[in-house]
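S.K.: First, the structure itself, so that you have it in front of you.
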Amino acid sequence: AEAAPLDLRLDLPERLLRPHCHRLLMERLLANLLDNARLHGGAPLGLALAATPEGGVCLSVSDAGDGLSPDEARALTAAFARGDRSRGRPGSGLGLAIVQQVTERLQGQLVFERLDPPQGPWRHRVSVTLPAGPAQPTRS
Numbered sequence: 015a016e017a018a019p020l021d022l023r024l025d026l027p028e029r030l031l032r033p034h035c036h037r038l039l040m041e042r043l044l045a046n047l048l049d050n051a052r053l054h055g056g057a058p059l060g061l062a063l064a065a066t067p068e069g070g071v072c073l074s075v076s077d078a079g080d081g082l083s084p085d086e087a088r089a090l091t092a093a094f095a096r097g098d099r100s101r102g103r104p105g106s107g108l109g110l111a112i113v114q115q116v117t118e119r120l121q122g123q124l125v126f127e128r129l130d131p132p133q134g135p136w137r138h139r140v141s142v143t144l145p146a147g148p149a150q151p152t153r154s
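Take 15 as the starting number for the sequence shown in this note's numbering and just add one per residue.
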C-alpha cells in the first residue's frame with residue numbers, strides 16, 4: 015500500500031511462528047489483498063492474523079465495501095477479469111488471480127464473505143487459511 019495514507023486497523027497476535035513460510039509468496043498475497051481492498055472496498059481496512067485450531071494460519075483483510083457475491087468472487091479470480099464496478103479504474107485484473115494462485119500453491123483455502131450483519135465498520139472479508147506444517151509451494 016504505497017499509495018495515499020491508509021486507514022488500516024490491525025488485529026495481530028504478539029507472536030505467531032511460521033518457520034517454513036515462503037516469504038515472497040506471502041508478501042504478494044498480502045499486498046494484493048490490501049491493494050484490492052483499498053481500491054475496490056472502502057476504508058477502514060482491517061488486517062487480522064491468527065492461528066487456526068489445527069495449527070495453521072488464517073490471514074484476513076476486511077473492508078467497508080459492498081463485497082462480492084460468490085459468483086463474482088469465482089469470476090474475478092481468473093486472470094485479467096475485471097468487475098463492472100472497476101472498469102474505469104486503473105488495474106490489470108490480476109490482483110485476485112494472483113491471490114488465488116498463491117493460495118493454491120501454498121495448499122490453502124481462499125474465502126470471500128459478506129458480513130451480514132456488518133462487524134464494526136466492515137462489511138466484506140477475504141480470508142486465506144493455510145494448513146499446518148511447512149508451507150512449501152507446490153509446482154504448477
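Beta carbons: idealized from backbone N, C-alpha and C, even for Gly.
On a predicted model such as this, the values are computed, not experimentally measured, just so you know.
1. Can you give me the start and stop residues for the alpha helix (DSSP H) that ARG162 sits inside?
2. VAL140 and LEU74 - do their beta-carbons sit closer together than 8 Å?
3. Checking 8 Å against the spacing of the C-beta atoms, do HIS36 and LEU108 come in under that value?
4. Given this structure, state the Cα-to-Cα distance separating PRO132 from LEU20, to the nearest angstrom.
5. Taking the alpha-carbon positions, what's the ALA51 to SER76 distance?
6. Going by beta-carbon coordinates alone, are LEU43 and VAL113 separated by less than 8 Å?
7. With H, G and I counted as helix, E and B as strand and the rest as coil, what does DSSP make of GLY109?
8. Using only alpha-carbon positions, find the residue among CYS72, ASP85, ALA78 that is nearest to LEU30.
9. Taking DSSP as the reference, what is the three-state secondary structure of GLU86?
10. Looking at the secondary structure, which residues open and close the beta strand (DSSP E) in which ASP80 lies?
11. Could you tell me the alpha carbon to alpha carbon distance between PRO135 and PRO58, rounded to whole angstroms?
12. For PRO104, does the count of other Cβ atoms within 10 angstroms reach 16, so buried, or fall short, so exposed?
M.R.: Working from what's here:
1. What is shown of the chain runs 15 to 154, which leaves residue 162 out entirely.
2. Just to set this straight, residue 74 is Ser in the shown sequence, not Leu. Yes, the Cβ-Cβ distance between SER74 and VAL140 is below 8 Å.
3. no
4. 21 Å
5. 7 Å
6. Closer than 8 Å, so yes.
7. helix
8. CYS72
9. helix
10. Here ASP80 belongs to no beta strand (DSSP E), and DSSP marks it neither H nor E.
11. 7 Å
12. Note on PRO104: pLDDT 48, under 50, position unreliable in the model; no value is reported.
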